[in-house]
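For reference, the structure discussed in these notes is given below.
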Amino acid sequence: MFSLALINEFLGQPPNASEHGYQIDHILEFCHWFMGALFVGWSAYFIYVLIRFRKRRHPTADYHGVKSGISTHLEFSVVLIEAVLLIGFAIPLWAKRVNQFPETKDAILVHAIGQQFNWNFHLPGPDGQFGRRDVHLVTNSNPLGLDYNDPASKDDIVTMNELHVPVNRPVIIELSSKDVIHNFALVHMRIAQDAIPGSLIPMWFKPIKTGTYEIICGQLCGLGHYGMKGTLVVDSPADYQAWLKERAELSGTQAAAPAAPKTANPSGQPEGKPGEPAQSPSPSGL
Ligand SMILES: [Cu+2]
């Protein structure tokens, strides 16, 4: 098992920090070893054929070829192993990730909204309710269009490129985008998901190690794509509470300043759907 783990490290995979990540790593390890064996096997066979059927030894071509069925058996075995990997391991693992979500009462709920070229995070604050968002309220200082006249918004926490979560608690992220397709990738958590304008896509993971990890955009989304990075901080429960308190105080002062004028929005949608393009603040990560 130890030597198996080495191939992931050798190929540059950062250490896993999520509960389910070990399952992903095992599949990756097996695939890497299997592909390595295929590479060595096919390469050796190629060299053997080059020597065995060289022109000097066979000045005239043999139009009947080799009659042995060994290559058919070999190819069938490869197809069989690949089918077992896909149907027996990869699809069930994927299905578990997308079908078996944790109870929302046990989980940390976060909205993540991609935009060229930043990740915005919206947390519901102590009341557990996400405030109303409206695309018409989007400004440079209010990138999510949070409606501060909505009582549920008062304690909401909005951050850019920085997300804190507590260790050993499931985190459910509802993902969307304000402009183009991005990809919210947490490599250390072994999880990635496209953020698509007009869609709200859930994903989840459970961090098991405290630390600071990178959030990247895994989808080429424009000229500043390379700079679309954020930080995921997995805190101890006490540190997480301290961060929440600090952010809640900050957002309280933001909410107190009536920066957002009330606009006519008869639809009263609970959340601004990010389908319409909104003006983006200048990219800070560049
Ligand atoms: Cu992006």
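Using the numbering used here, you'd call the opening residue of the sequence shown number 1 and step up by one each time.
Yeah, the Cβ is synthetic: ideal placement off N, Cα and C, and Gly gets one too.
Source: prediction; values computed, not measured.
For this session: Following the continuous alpha helix (DSSP H) through Gln23, name the residue where it begins and the one where it ends.
Result: If you number the sequence shown from 1, residue 23 lands on position 23. First-last of the alpha helix (DSSP H) with Gln23: Gly21 to Arg52.
Problem set entry | Identity of the residues DSSP links to Phe101 by a beta bridge | Position 101 of the sequence shown, counted from the first residue, corresponds to residue 101. Beta-bridge pairing links Phe101 to no other residue.
Problem set entry | Pick from Gly222, Thr231, Phe10 and Pro237 that is closest to Phe117, judged by C-alpha positions | Locating residue 117 in the sequence shown gives position 117, where the first residue counts as 1. The shortest Cα separation from Phe117 among Gly222, Thr231, Phe10 and Pro237 belongs to Gly222.
For this session: Can you tell me which of the three DSSP states Ser71 falls into?
Result: Reading the sequence shown from its first residue, position 71 is the one you call residue 71. Here Ser71 sits in helix by DSSP.
Problem set entry | Ala112 versus Glu75 - alpha carbon distance | The residue labelled residue 112 in the question sits at position 112 within the sequence shown. The residue labelled residue 75 in the question sits at position 75 within the sequence shown. Using only the alpha carbons, I get a separation of about 45 Å.
For this session: Answer yes or no: the CB of Met160 versus the heavy atoms of ligand 1, is any distance below 7 Å?
Result: In the sequence shown, residue 160 corresponds to position 160, counting from 1. Checking every heavy atom of ligand 1 against the Cβ of Met160, none is found closer than 7 Å.
Exercise. From Lys154 to Thr139, what does the alpha carbon distance come to, in whole angstroms?
Worked result: By 1-based counting over the sequence shown, the position of residue 154 is 154. By 1-based counting over the sequence shown, the position of residue 139 is 139. For Lys154 and Thr139, the distance between alpha carbons rounds to 18 Å.
Exercise. For Tyr240, which of helix, strand or coil comes out of DSSP?
Worked result: Residue 240 sits at position 240 when you count from the first residue of the sequence shown. It is helical.
Exercise. In three-state DSSP terms, what is Asn140?
Worked result: Taking the sequence shown and counting its residues from 1, the one referred to as residue 140 is at position 140. Coil at Asn140, not helix or strand.
Exercise. With distances taken from CA atoms, which of Met203, Leu86 and Leu220 is nearest Val98?
Worked result: Residue 98 sits at position 98 when you count from the first residue of the sequence shown. The residue with the shortest Cα to Cα distance from Val98 is Met203.
Exercise. Near Pro237, which residues of its chain fall below 7 Å by C-beta distance, leaving aside the five closest residues on each side in sequence?
Worked result: Reading the sequence shown from its first residue, position 237 is the one you call residue 237. Correct list, in chain order: Pro166.
Exercise. How is the beta strand (DSSP E) around Pro121 delimited, first residue to last?
Worked result: The sequence position of residue 121 within the sequence shown is 121, counting from 1. What sits at residue 121 in the sequence shown is Phe, not Pro. Run containing Phe121: Asn118 to Leu123, per the beta strand (DSSP E) assignment.
Exercise. Under a criterion of Cβ closer than 5 Å to any non-hydrogen atom of ligand 1, which residues qualify, in chain order?
Worked result: His182, Cys217, Cys221 and Met228
Exercise. Quick one, are the C-beta atoms of Arg207 and Ala17 less than 8 Å apart?
Worked result: Counting from one through the sequence shown, the residue named residue 207 turns up at place 207. Counting from one through the sequence shown, the residue named residue 17 turns up at place 17. It should be pointed out that residue 207 corresponds to Pro in this sequence rather than to Arg. Annotated as proximal: Pro207 and Ala17, with beta-carbon spacing under 8 Å.
Exercise. Which ranges does the beta strand (DSSP E) cover as unbroken runs of at least 3 residues, wholly within the stretch 189 to 239, from first to last along the chain?
Worked result: The DSSP assignment places 191 to 195, 201 to 205, 211 to 217 and 229 to 235 as complete runs of the beta strand (DSSP E) inside the stretch 189 to 239, in order along the chain (cut-off: 3 residues).
Exercise. Below 8 Å, can you find three or more Cβ-Cβ pairs linking the stretch 210 to 218 to the stretch 174 to 187?
Worked result: yes
Problem set entry | Proximity below 8 Å, CB of Arg169 to CB of Ala107 | Walking along the sequence shown from the start, residue 169 turns up at place 169. Walking along the sequence shown from the start, residue 107 turns up at place 107. A contact, by the Cβ cut-off of 8 Å.
Problem set entry | Where Phe76 sits in the DSSP three-state scheme | Locating residue 76 in the sequence shown gives position 76, counting from the first residue. Correct three-state label for Phe76: helix.
Exercise. Between the Cα of Lys178 and the Cα atoms of Val135, Thr210 and Ile157, which residue gives the shortest distance?
Worked result: In the sequence shown, the residue the question calls residue 178 occupies position 178. Considering only alpha carbons, the answer is Val135.
Problem set entry | Exposure of Trp33, with buried meaning 16 or more beta-carbon neighbours within 10 Å | By 1-based counting over the sequence shown, the position of residue 33 is 33. Residue environment analysis places Trp33 among the exposed positions, since fewer than 16 neighbouring C-beta atoms fall within 10 angstroms of its C-beta.
Problem set entry | Cβ pair Phe205, His26 closer than 8 Å | Residue 205 sits at position 205 when you count from the first residue of the sequence shown. Residue 26 sits at position 26 when you count from the first residue of the sequence shown. No, they are not a contact pair.
Exercise. Going by DSSP, what residues sit across from Glu82 in a beta bridge?
Worked result: As a first step, residue 82 must be located in the sequence shown, where it is residue number 82. Paired residue(s): none; Glu82 is not in a bridge.
Problem set entry | Identity of the residue in Arg52, Ala61, Gly41 and Gly128 nearest Leu109 by Cα | Numbered from 1 along the sequence shown, position 109 holds the residue referred to as residue 109. The shortest C-alpha separation from Leu109 is found at Gly128.
Exercise. What are the start and end residues of the beta strand (DSSP E) that includes His58?
Worked result: By 1-based counting over the sequence shown, the position of residue 58 is 58. Run containing His58: none; DSSP gives neither H nor E here.
Problem set entry | 7 Å CB neighbourhood of Ala90 in its chain, flanking five on each side removed | On the sequence shown, residue 90 is found 90 positions in, with the first residue counted as 1. Taken in chain order, the residues that qualify are Ile27.
Exercise. Anyone know if the C-beta pair for Asp150 and Gly131 falls short of 8 Å?
Worked result: Here the question's residue 150 lines up with position 150 in the sequence shown. Here the question's residue 131 lines up with position 131 in the sequence shown. Yes. Within cutoff.
Problem set entry | Nonlocal neighbours in the same chain, by C-beta distance under 8 Å from Thr104, ignoring five residues either side | Within the sequence shown, residue 104 is the residue found at index 104, counting from 1. So the qualifying residues of the chain are Ile172.
Exercise. How long is the line joining the alpha carbons of Leu250 and Asn8, rounded to whole angstroms?
Worked result: Position 250 of the sequence shown, counted from the start, is the residue given in the question as residue 250. Position 8 of the sequence shown, counted from the start, is the residue given in the question as residue 8. Straight-line Cα distance between these residues: approximately 41 Å.
Problem set entry | Reduced DSSP category for Asn8 - H, G, I as helix; E, B as strand; rest coil | Taking the sequence shown and counting its residues from 1, the one referred to as residue 8 is at position 8. Asn8 falls in the helix class under three-state DSSP.
For this session: With DSSP as the reference, please indicate the residues paired to Val158 in a beta bridge.
Result: Translated into the one-based positions of the sequence shown, residue 158 becomes position 158. According to DSSP, which records beta bridges pairwise, Val158 is partnered with His122.
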